[in-house]
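First comes the structure, then the notes that go with it.
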């Protein structure tokens, strides 16, 4: 593939020359590929890495197009500072002086709690570690990352009930040993394409039973033996029908429950007077179909559960995931190959970003900031006191902007597009005294900044990332930095050193990783040399440890070593349908695009495949509203309206409309709901009361 001929950073397809082995920048599967510097100055050549440990050379459409945005003419190449309503180019000296002086001024004027720090799943473990360390040296725990928007509730439930907030098993053992897959709120065929094609689909073809629970038909449905088309917001009643069936028919693992769990009685109490027929009606699924799915899963020798944002992005997200944990525990499907509760992480390094402590309530290795002993152990390495109270989440930071929060440092995130009710987010950020954004493109959030720092892309820097099944891998630079950009690592160490003098003067990413090992028990046995080309899966607690393919073999890392069963009951979404808003809006990603589209929508291949946003509407709903396929329609919720092209299809459930968050000219998150799960503080992207109508010229194409 070749980039634009007038591009300052051309991209070409590589021959079979020696090349740098690195990792795809998109989803959490962790596919390997090769890059090398080309003959033209600044060019990068791409070729498959056939013995890559995860994908063996296979790439999805995003992965095979992953270099196309790197040479885009929109790349930021110079620091920018705001003067009035405009930006002007600045030297790094001026830009960094302004960042440091403003952050220190806000600390002096308003105290250390007045600034927020956003880490990023698009950068390396080492850089995220530096960002969270900078926040804590500044004097607060107001550091967060995009997991708040995707899997915060999953992590919360897994840590509480199983002791570790990560995928319990590995793609390889799930392929080789699982007899049944329960996939709820996830669409791996489009969002984790190589995991699906190389592992899960292969297992299905070898005889594994696949049960999918999703309100929307998608490419994963093609591999499913059973598709339960649940109404958004009713996952708990559906799963309680499943659990009630298993208990009533004696399909639970009595020995496993007795030896390795606690809390079974709470589930029995929850389901004692449970009305199965009413629950199935609430979920919009035939009760016998649910019972048959329950039997298929419970009777399998090894059953694996997969979960995604369709479960986590709800005001009851933590309880949703807890009910999946209940299903795994009562059927004894944990602690061996082909089982477990397996969240499919959506970004290249969202797992690692959390592992290294870029969260407001935990330090590296998921050590609680409220734990005196854990905090003191980290303080001994860092040489300064760490605040002992959890900080604000990313949504709490943006909500408090202009009031309790006066400064914000954003690295590789775009909250103006990614957070729900985003028009209000934009208004809040405009009230900040100081905003610095560090990115590779001028995002919607960067447009509001006082200083914009141009960072390098994934092909130009190195470090480590951690994929969805806990595999720590190396990313490696293939070319020099373009223009006057700098690595996130260099920017953060410079700012930290200028602000605090000590603690940030690292020679390079490997030196940072060595400190990560020192403060993070689950990474202690991992070194750059040991990672090599294969990677290592945490926990890996000593250099004699070969890593861990699946968790919880003998016990759970909970205080008593037991897994926690906790019965949960149905909770209505924050919004339900009414006369003014009679439809349910839900959202999801598509195969061709990614997050807020900053990278994928600058790819010629991906934009050609899907150039514009669309909204799926059931034929019956479309007929009632006079909507024809291809019409431009207005999607309304209580937070505003966006225009989008109608796709009339029975892939979506009647009464449910489905769209994507990738397109800034049709910014869906302006209308999504910012109500949050009370424990995990994750917003309810997946359910909002909505209406849809034809308000503009029928058949008009999106701009």
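Residue numbers (my numbering): 8 to 710. We put the beta carbon where it would ideally sit given N, CA and C, even for glycine. The structure presented is a predicted model; accordingly, all values stated were derived computationally and were not measured.
Rounded to whole angstroms, the Cβ separation of residue 574 and residue 278 is 7 angstroms, and the two are in contact under 8 angstroms.
Residue 314 is a Cβ neighbour of residue 328, given a cutoff of 8 angstroms. In chain order, 430, 677, 678 place their CB closer than 7 angstroms to the CB of residue 647, counting only its own chain and leaving out the 5 sequence neighbours on each side. The distance from the Cβ of residue 349 to that of residue 174 is about 5 angstroms, consistent with a contact at the 8 angstroms cut-off. Under the three-state reduction of DSSP, residue 43 is assigned to strand. Rounded to whole angstroms, the gap between the alpha carbons of residue 544 and residue 77 is 29 angstroms.
In the DSSP assignment, residue 639 falls within the beta strand (DSSP E) that extends over 639-644. If you keep only unbroken beta strand (DSSP E) runs of at least 3 residues inside the stretch 224-250, you get 233-235. Between the stretch 437-453 and the stretch 151-159 there are fewer than three C-beta pairs closer than 8 angstroms, too few to call the two in contact. Taking C-beta atoms as the reference points, residue 438 and residue 414 fail to come closer than 8 angstroms. Taking C-beta atoms under 8 angstroms as the contact rule, residue 148 and residue 360 fail to qualify, at a distance of about 15 angstroms.
Between residue 592 and residue 697 a beta carbon distance of about 4 angstroms is seen, short of the 8 angstroms cut, so the two are scored as contacting. Contact between the stretch 414-429 and the stretch 162-173 is absent, with fewer than three C-beta pairs closer than 8 angstroms. Leaving aside the five residues that flank residue 214 on each side, the residues in its chain whose CB is nearer than 8 angstroms to its CB run, in chain order, 186. Judged by their CB atoms, residue 502 and residue 106 are nearer to each other than the 8 angstroms cut-off. The C-alpha of residue 597 is placed about 12 angstroms away from the C-alpha of residue 227.
Contact between residue 218 and residue 237 is ruled out by a C-beta separation of about 12 angstroms, above the 8 angstroms threshold. Of the other Cβ atoms in all chains shown, 16 or more fall within 10 Å of the Cβ of residue 580; this residue is therefore buried. Per DSSP, residue 455 lies in no alpha helix (DSSP H) and is assigned neither H nor E.
When the beta-carbon positions are compared, residue 250 and residue 355 stay at least 8 angstroms from each other. By the Cβ neighbour-count rule, residue 118 is exposed, with fewer than 16 other Cβ atoms within 10 Å of its own. Within the same chain, 268, 570, 572 come within 6 angstroms of residue 336 by CB-CB distance, once the 5 residues on both sides are set aside. Per the Cβ contact rule, the stretch 508-516 is not in contact with the stretch 51-71 (fewer than 3 Cβ pairs under 8 angstroms). Around the C-beta of residue 595, 16 or more other C-beta atoms lie within 10 Å, and the residue is accordingly described as buried.
The way I'd put it, the stretch 549-567 doesn't touch the stretch 191-203; fewer than three beta-carbon pairs between them come closer than 8 angstroms. Under the three-state reduction of DSSP, residue 400 is assigned to coil, being neither helix nor strand. Residue 288 and residue 196 have their C-alpha atoms roughly 29 angstroms apart. Residue 72 and residue 613 have their C-alpha atoms some 7 angstroms from each other.
For the 8 angstroms CB-CB criterion, residue 281 and residue 247 form a contact.
With 16 or more neighbouring CB atoms inside 10 Å of its own CB, residue 398 falls in the buried class. The alpha-carbon of residue 493 is positioned some 23 angstroms away from that of residue 143. Under the DSSP definition of a beta bridge, residue 470 partners with 482. Annotation note: the stretch 117-199 contains the following uninterrupted beta strand (DSSP E) runs of length 3 or greater, listed N- to C-terminal: 122-125, 187-191. Going by DSSP, residue 698 is part of the beta strand (DSSP E) stretching over 695-700. The criterion of a C-beta distance shorter than 8 angstroms is not satisfied by residue 324 and residue 628. Take the alpha-carbon of residue 97 and the one of residue 462: they are about 15 angstroms apart.
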